[in-house]
Amino acid sequence: MIQNKNELKKILVIGDIMLDHYIYGDCSRISPEAPVQVVDVKTDQYTLGGAGNVLKNLKAFACNTIS
Numbered sequence: 093m094i095q096n097k098n099e100l101k102k103i104l105v106i107g108d109i110m111l112d113h114y115i116y117g118d119c120s121r122i123s124p125e126a127p128v129q130v131v132d133v134k135t136d137q138y139t140l141g142g143a144g145n146v147l148k149n150l151k152a153f154a155c156n157t158i159s
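Each residue of the sequence shown is one higher than the one before, counting from 93 in this note's numbering.
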């Protein structure tokens, strides 16, 4: 539902703001100590999670938010 900008309501976001950590890499071998794969990390990324992600998405739609 998209409204006229003059008709925007305030949106209250309640929740925990988290930091998500994504790790990208390759698994090409098994650890000799335990039967688990060893990850060779290529890059990692931090993004907002939880209520912070909801807030970011609402701001992208030009919503008037309160946090």
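Quick reminder that beta carbons are idealized off the backbone N, C-alpha and C, glycines included.
By the criterion of at least three beta-carbon pairs nearer than 8 angstroms, the stretch 137 to 146 is in contact with the stretch 108 to 116.
Within the same chain, 117, 119 come within 6 angstroms of residue 131 by CB-CB distance, once the 5 residues on both sides are set aside. According to DSSP, residue 133 shares a beta bridge with 117.
When secondary structure is reduced to three states using DSSP, residue 107 falls in the coil class, being assigned neither helix nor strand.
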